[in-house]
Amino acid sequence: MEVIEKRRSIRKYTEQPVDKALINSLIQTAILAPSGHNTQPWHFIVVDDPELKKKIAAASHKQDWMLAAPVFIVCVADIKVMSGCEDVHFLDEESPQLELKKIIRDTAICVDHLVLEATERGLGTCWVAWYKQADIRPLLGIPEDKYVVSIVTVGYAAQEPKPRPRKKMEEALHYNRW
Ligand SMILES: Cc1cc2nc3c(=O)[nH]c(=O)nc-3n(C[C@H](O)[C@H](O)[C@H](O)COP(=O)(O)O)c2cc1C
Numbered sequence: 057m058e059v060i061e062k063r064r065s066i067r068k069y070t071e072q073p074v075d076k077a078l079i080n081s082l083i084q085t086a087i088l089a090p091s092g093h094n095t096q097p098w099h100f101i102v103v104d105d106p107e108l109k110k111k112i113a114a115a116s117h118k119q120d121w122m123l124a125a126p127v128f129i130v131c132v133a134d135i136k137v138m139s140g141c142e143d144v145h146f147l148d149e150e151s152p153q154l155e156l157k158k159i160i161r162d163t164a165i166c167v168d169h170l171v172l173e174a175t176e177r178g179l180g181t182c183w184v185a186w187y188k189q190a191d192i193r194p195l196l197g198i199p200e201d202k203y204v205v206s207i208v209t210v211g212y213a214a215q216e217p218k219p220r221p222r223k224k225m226e227e228a229l230h231y232n233r234w
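Reminder that position 91 of the sequence shown reads as 147 in the working numbering, one-by-one numbering, no gaps.
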């Protein structure tokens, strides 16, 4: 509860680098996430190369604030874990497959684990998903049958944002019926 309440989207970072062992431990926690049929569709690409980070931020609608984060973790879902999807060779925002929704769902759970573990370890993060598959994948050599669910910026926070507004519980909660 404490870590869930503490987490914020962080868009300003100090210059302090993040230890590779710490990044690895975030992934170690993330992959404990549940997934439908335990399919575990997730993959992670850790990016710390400054030139590559520039290209990724530019492809994410020029979100230059991302560059202050020393590390990006690109979170990718692989549809090949789903049976019957062996012949899927291309995915993008328009793809209709139900399986695509499932791998995005499961990878998103995993990313949430990652972000909460990062918060617990004193790191700041922000989800970024404002990009097109076609713009991000080629930068990282990601095949066209994989789906980039999120890019998580990771670093030490240089800001302490107040909690952002949320719906009242009564607006989200239903009993027995919609
Ligand atoms: C799927 C997803 C995509 C997001 N994409 C972006 C993004 O591209 N750029 C950005 O600055 N924030 C992005 N965010 C962060 C949200 O703006 C943020 O979570 C929301 O405003 C609530 O603030 P909080 O995370 O501090 O509670 C994204 C969050 C999610 C969950």
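Beta carbons: idealized from backbone N, C-alpha and C, even for Gly.
Just so you know, the alpha carbons of T85 and T175 end up roughly 12 Å apart.
Between F128 and V210, the gap from beta carbon to beta carbon is short of 9 Å. Comparing C-alpha distances from V74 to each of S91, V102, T95, I60 shows the shortest one belongs to V102. Just so you know, the alpha carbons of E216 and L170 end up roughly 20 Å apart. Taking 9 Å as the cut-off, the beta carbon of C166 is found closer than this to the beta carbon of C131.
Assignment of alpha helix (DSSP H) within the region 118 to 177, counting only whole runs of 4 or more residues, yields 154 to 176 in chain order. For K202, the secondary structure class from DSSP, reduced to helix, strand or coil, is strand.
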